[in-house]
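*Asks:* I'd like to ask you about the structure that follows.
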Amino acid sequence: MTTTTIDDAPFIEPSATAPRNYLNDEYGVLSWLLTRDHKRIAVLYAISVTVFFMVGGIIAFMMRLELLTPEGDLFTSDTYNKLFTLHGIVMIFFFLIPAIPAVLGNFILPIMLGAKDLAFPKINLLSWYIYMIGGSFGIYVIITGGVDTGWTFYTPFSTQYSNTHVFAVTLGAFITGFSSILTGLNFLVTIHRMRAPGLTWFRLPLFVWSMYATSVVIMLATPVLAITLVLLMVERTLHVGIFDPALGGDPVLYQHMFWFYSHPAVYIMILPGMAVISECVAAFTRKKIFGYKFVAFSSLAIAFLGFLVWAHHLFVAGISIYSAMVFSFLSMIVAVPSAIKVFNWTATMYRASVSWQTPMLYVLGFIGLFTIGGVTGLFLAALGIDVHVHDSYFVVAHFHYIMVGGTIMAYLAGIHYWWPKITGRMYPEWWARLSALLVFVGFNLTFFPQFLVGYVGMPRRYHAYAPEFQVLNVLSTAGATILAAGYLLPMIYLFWSLKFGRKAGTNPWGAVGLEWATSSPPPKENFHETPVVTWEAYDYPAFLKAMRETQHG
Amino acid sequence: MMLSDFPLFPEAASSVAKYVDGLYLALILLTGTVSLLIWAAIFYLAIKYRRRPDNELAQEQEPPAALEMTWIVVPTIIFLAIFVAGAWVYFRIQRVPTNALEVYATGRQWMWKFQHTTGQREINTLHVPVNRPVKITMASEDVIHSLWFPAFRVKNDVLPNRYRTLWFQATKTGRFHIFCAEYCGTLHSGMIGWVEVMEPTEYQKWLAGGSEGSLATQGEQLFQKLACATCHTNDATGRGPVLAGIVGKQVPLADGHSVIADDNYLRESILNPTAKVAAGFQPIMPAFQGQVSEEDLIRLIAFVKTMQPATNVAPPQQPRNP
Chain A
1 MTTTTIDDAP
11 FIEPSATAPR
21 NYLNDEYGVL
31 SWLLTRDHKR
41 IAVLYAISVT
51 VFFMVGGIIA
61 FMMRLELLTP
71 EGDLFTSDTY
81 NKLFTLHGIV
91 MIFFFLIPAI
101 PAVLGNFILP
111 IMLGAKDLAF
121 PKINLLSWYI
131 YMIGGSFGIY
141 VIITGGVDTG
151 WTFYTPFSTQ
161 YSNTHVFAVT
171 LGAFITGFSS
181 ILTGLNFLVT
191 IHRMRAPGLT
201 WFRLPLFVWS
211 MYATSVVIML
221 ATPVLAITLV
231 LLMVERTLHV
241 GIFDPALGGD
251 PVLYQHMFWF
261 YSHPAVYIMI
271 LPGMAVISEC
281 VAAFTRKKIF
291 GYKFVAFSSL
301 AIAFLGFLVW
311 AHHLFVAGIS
321 IYSAMVFSFL
331 SMIVAVPSAI
341 KVFNWTATMY
351 RASVSWQTPM
361 LYVLGFIGLF
371 TIGGVTGLFL
381 AALGIDVHVH
391 DSYFVVAHFH
401 YIMVGGTIMA
411 YLAGIHYWWP
421 KITGRMYPEW
431 WARLSALLVF
441 VGFNLTFFPQ
451 FLVGYVGMPR
461 RYHAYAPEFQ
471 VLNVLSTAGA
481 TILAAGYLLP
491 MIYLFWSLKF
501 GRKAGTNPWG
511 AVGLEWATSS
521 PPPKENFHET
531 PVVTWEAYDY
541 PAFLKAMRET
551 QHG
Chain B
1 MMLSDFPLFP
11 EAASSVAKYV
21 DGLYLALILL
31 TGTVSLLIWA
41 AIFYLAIKYR
51 RRPDNELAQE
61 QEPPAALEMT
71 WIVVPTIIFL
81 AIFVAGAWVY
91 FRIQRVPTNA
101 LEVYATGRQW
111 MWKFQHTTGQ
121 REINTLHVPV
131 NRPVKITMAS
141 EDVIHSLWFP
151 AFRVKNDVLP
161 NRYRTLWFQA
171 TKTGRFHIFC
181 AEYCGTLHSG
191 MIGWVEVMEP
201 TEYQKWLAGG
211 SEGSLATQGE
221 QLFQKLACAT
231 CHTNDATGRG
241 PVLAGIVGKQ
251 VPLADGHSVI
261 ADDNYLRESI
271 LNPTAKVAAG
281 FQPIMPAFQG
291 QVSEEDLIRL
301 IAFVKTMQPA
311 TNVAPPQQPR
321 NP
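The listed protein sequences derive, respectively, from chains A and B.
All residue numbers for the first sequence refer to my numbering, where the first residue is 1 and numbers rise by one.
All residue numbers for the second sequence refer to my numbering, where the first residue is 1 and numbers rise by one.
Pasting the structure below:
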């Protein structure tokens, strides 16, 4: 930021009774739909991803109801196949991938950098519209009869055998990919070019490092998905042989191309979660993150190594023994930077001032669940075990521990942590703690039995199953009920808090970071004057001193 | 409730099951201990250093930096040890014993078809003898399937464009699940069956039951019916290569490369003969893609494997070095 002229800045104090902020700066539907303010775009995203989360969640609950009994008695097989397909597509493409970057990243990243907005505000708005167009293809497909390929669209089933809306839904995923790419581009340029004076790379909050790594993965991997989906659509509509052996193609080629994107996509989903966790750990221990540089570089290491492990999805799909060995080895290596983060977050609590407020409860839950998700990844990377558990419920449990136990816990931690900043209101602490507890208990009851039933032999994507798997499935469905309550509660009390929540003030947590140096909600320009950063990341004494000087000076 | 209603392990009924289960249990023990230690540390620290009036701000006292290197190096070593153990088990699962009994499997939406060399044909049921290695060569008629025997701890995807194999040696008689593990459409969860592991004597009795002649005999009839013998004569005068004794041999190709004449090469050469033309021959053979079913392919290949060179003529063409 070179020039900052804010006309009305001298007249507004952060403590003024009715300060103008980004929410009341303009009114009317168009002021939202045509906004270029990253904060308003973040709110648009928040509403959209919440709708998709509810759609995906309702579908998941319908599946759990079907799986209460071994017989396929609630839905037909075709309906059930569409349910798990839509659950995967909606949750991955329309919720997990955009959730943290496009909601929390959009809102917080420019403020953390001391910038007025992202580098390309219009492109930011464009990315939301692209996302909505892609998403409306998803909704169209759900309304008009669904799709039954599984979210992975494996060929030749998807290109020659499925009679459902494969084209429309892959087109939707293809379009949504551009929304991710534009967000990634915007973040990269903003982080490079728009840091406040004094905000050097190693003073950046770890959130920014992790978002940087995420953006790199998005930019490099998403185009591969786009190519893959285009080839799939070409084969399906024009019968050009690429993947279908009947046309001279190779179905395993599709799996290589698909996972070359979709494994890095796992990191597109979890790295932003790690970004949130690093911030919350620092804020709720009031301490520097232990081993800042190790945590920062482990994000980059994950981004890099994440590109080299895709074929561990293909251990039984037709790759050679030696290829399997290489990918098993690399999959073990990619676990190291994740382990580093877990150890560093834990060590940060040593001699800290640990608060038990809701975001920290979610953080503790995240560390616990991500640990289970991580170590069960080692089971899957170990070749001899993967041959047995591949495509079983063990895999389902593993990636839900990462995606739900990891990413969604982190998202909820972040939503609670930054809620006062986004809305200017506090959420009700007691209810929030209750919901965190319900989510943790419900989650474990839902997904832990799935590890067991997977090893016993229950394949994934089964509409009906053998009777000996029933007990574990009933436990899982019971857990899903608790989990659903845990997710519904925040939707109610957060909405309630918009009107009735206690006013938050600038820095309700006593946390370090530029976002806690501006009013809540922030003014449209984020800061009344360009901040100058004089403190290292998470340096509490220095930050508090700087804040006192600003107030008195 | 009986524990048998609520199993945590599938039956262990194959020679590799003990290795897979052993590694699984070892990893549960290892990662369970580490996870418990991490949780214990989290709870201990979160309670001991909970926010109180006297520690509103953390003491900026770092744990020793050597910790950082410890938890980079130690996990790396452990992870690599897991890799080695996993690979060791994997080799046992992959390496097919040479004396294995051959069985063929065809996956299609939504059933498993099995063919025995003695000619028996079964759907969704597979009879095998106990304590003898069984090698299954398999292909799909349509989409990708995956043949999984949870009790044997083995599975492998079944592809529509080439043969893949898996093997097991059952160690217990009884009836065990067969599942399709790769999602394949409407009745994916109905693409299931049973493997019946029998005592060798029982198995012999079962084999003695009716069949339409051995696979090779069935293949020979097809070989005649499809007029393969017109060109693939048993002496070197035909327009196609002599097939007797070709299986397992190195075949020089017209483009200068060479391939081993395995199941996959024979399959491809029937379906799409121009893909890899043997050196010295014209690409004149018609493609049988779509003409010959997967099961007939298996019959033809079984016959080719049993073809004997004619005794009164020179051995089939010697491979020419390119």
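Even for Gly, the Cβ is constructed at its ideal location relative to N, Cα and C.
Tell me whether Q255 (chain A) is buried or exposed, calling it buried when 16 or more other Cβ atoms sit within 10 Å of its Cβ.
*Replies:* Flag for Q255 (chain A) reads buried.
*Asks:* Measuring alpha carbon to alpha carbon, tell me which residue in B:V242, B:M138, B:G174 and B:G86 is nearest C231 (chain B).
*Replies:* Across the set B:V242, B:M138, B:G174 and B:G86, the C-alpha of B:V242 shows the shortest separation from the C-alpha of C231 (chain B).
*Asks:* Name the residue from A:L438, A:Y45 and A:F258 whose alpha carbon lies nearest to the alpha carbon of I482 (chain A).
*Replies:* Selected option, being the one with the closest Cα: A:L438.
*Asks:* Does the structure place the segment 103 to 115 of chain A close enough to the segment 411 to 426 of chain A that three or more beta carbon pairs sit under 8 Å?
*Replies:* They touch, by the three-pair rule.
*Asks:* May I ask which residues mark the beginning and end of the beta strand (DSSP E) holding G175 (chain B)?
*Replies:* The question names Gly, but residue 175 (chain B) in the sequence shown is Arg. Segment G174 to C180, the beta strand (DSSP E) holding R175 (chain B).
*Asks:* With 9 Å set as the bound, which would you pick, yes or no: does the beta-carbon of F11 (chain A) sit closer than that to a beta-carbon of chain B?
*Replies:* Reliability fails at F11 (chain A), whose pLDDT of 33 lies under 50, so the model's placement of it is uncertain and the value that follows must be treated cautiously. Interface annotation, F11 (chain A): not in contact with chain B, CB-CB separation never under 9 Å.
*Asks:* Where G510 (chain A) and Y417 (chain A) are concerned, what is the direct C-alpha to C-alpha distance, given to the nearest angstrom?
*Replies:* 12 Å
*Asks:* CA-CA distance, P64 (chain B) and L380 (chain A)?
*Replies:* 34 Å
*Asks:* Measuring only between beta-carbons, confirm whether T186 (chain B) sits less than 9 Å from chain A.
*Replies:* yes
*Asks:* Look up Q115 (chain B) in the DSSP assignment and give the residues it is bridged to.
*Replies:* B:Y104 and B:R121
*Asks:* Mind checking if L378 (chain A) is an interface residue toward chain B, Cβ cutoff 9 Å exclusive?
*Replies:* yes
*Asks:* Could you tell me which residues DSSP puts in a beta bridge with E196 (chain B)?
*Replies:* Looking at the DSSP assignment, E196 (chain B) forms a beta bridge with B:H127 and B:R175.
*Asks:* Quick check: what's the CA-CA separation for T173 (chain B) versus V130 (chain B)?
*Replies:* 6 Å
*Asks:* Applying a beta-carbon distance threshold of less than 8 Å, which residues of chain B neighbour K545 (chain A)?
*Replies:* Correct list: empty, because the minimum Cβ distance to chain B is about 12 Å.
*Asks:* Report the rounded CA-to-CA distance for P449 (chain A) versus G374 (chain A), giving the unit in angstroms.
*Replies:* Answer to the nearest angstrom: the Cα atoms are 17 Å apart.
*Asks:* Express the C-alpha separation of L187 (chain B) and V456 (chain A) in angstroms, rounding to a whole number.
*Replies:* Their backbone Cα atoms lie some 21 Å apart in a straight line.
*Asks:* Spell out whether any CB of chain A is found under 9 Å from the CB atom of A181 (chain B).
*Replies:* yes
*Asks:* Does K287 (chain A) get closer than 9 Å to chain B when you measure Cβ to Cβ?
*Replies:* yes
*Asks:* Between the C-alpha atoms of S180 (chain A) and A85 (chain B), what's the straight-line distance to the nearest angstrom?
*Replies:* 39 Å
*Asks:* Return the Cβ separation of F93 (chain A) and T176 (chain A) in integer angstroms, given the expectation that the two are a contact with Cβ distance under 8 Å.
*Replies:* Between F93 (chain A) and T176 (chain A), the beta carbon gap of about 5 Å places them in contact (Cβ cut-off 8 Å).
*Asks:* Curious, which full-length beta strand (DSSP E) runs of at least 3 residues does the segment 91 to 150 of chain A contain?
*Replies:* Uninterrupted beta strand (DSSP E) stretches at least 3 residues long and entirely within the segment 91 to 150 of chain A do not occur.
*Asks:* Establish whether the CB of D73 (chain A) and some CB of chain B are separated by less than 9 Å.
*Replies:* no
*Asks:* Would you mind sorting A81 (chain B) into buried or exposed? The rule is 16 or more other CB atoms within 10 Å of its CB.
*Replies:* Here A81 (chain B) is exposed. Its C-beta has fewer than 16 other C-beta atoms within 10 Å.
*Asks:* Just checking: is the beta-carbon of H177 (chain B) within a distance shorter than 9 Å of some beta-carbon in chain A?
*Replies:* yes
*Asks:* Any C-beta of chain A within less than 8 Å: which residues of the segment 78 to 99 of chain B qualify?
*Replies:* F79, L80, I82, F83, A85, G86, A87, W88, V89, Y90, F91, R92, I93 and Q94
*Asks:* Anyone know if the C-beta pair for G146 (chain A) and K82 (chain A) falls short of 9 Å?
*Replies:* yes
*Asks:* Against chain A, with Cβ distances strictly below 9 Å, would L57 (chain B) count as a contact?
*Replies:* yes
*Asks:* Starting from the N-terminal side, write out each stretch of the beta strand (DSSP E) that is 3 residues or longer and does not extend beyond the segment 208 to 278 of chain B.
*Replies:* 250 to 252 and 258 to 260
*Asks:* Give me the Cβ distance between L271 (chain B) and A287 (chain B), rounded to the nearest whole Å; I'm assuming they're in contact under 8 Å.
*Replies:* 6 Å
*Asks:* Thinking Y462 (chain A) and S140 (chain B) are a contact (beta carbons under 8 Å), I'd like their distance in whole angstroms, please.
*Replies:* With a contact defined as Cβ atoms closer than 8 Å, Y462 (chain A) and S140 (chain B) miss out at about 19 Å.
*Asks:* Closest Cβ-Cβ distance between S519 (chain A) and chain B: below 9 Å?
*Replies:* no
*Asks:* Confirm, please, whether the CB-CB distance from S298 (chain A) to P337 (chain A) is below 9 Å.
*Replies:* yes
*Asks:* Which parts of the segment 429 to 507 of chain A are runs of the beta strand (DSSP E), unbroken and 3 residues or longer, counting only runs that do not cross its ends?
*Replies:* none
*Asks:* If you reduce the DSSP assignment to three classes, tell me which class T423 (chain A) lands in.
*Replies:* helix
*Asks:* Let me know the secondary structure DSSP gives W206 (chain B) once reduced to three states.
*Replies:* Helix.
*Asks:* Could you work out which residue in B:P283, B:A261, B:L226 and B:V247 is closest to D323 (chain B) when comparing CA atoms only?
*Replies:* Any property of residue 323 (chain B) remains undetermined from this structure, which presents chain B solely from 1 to 322.
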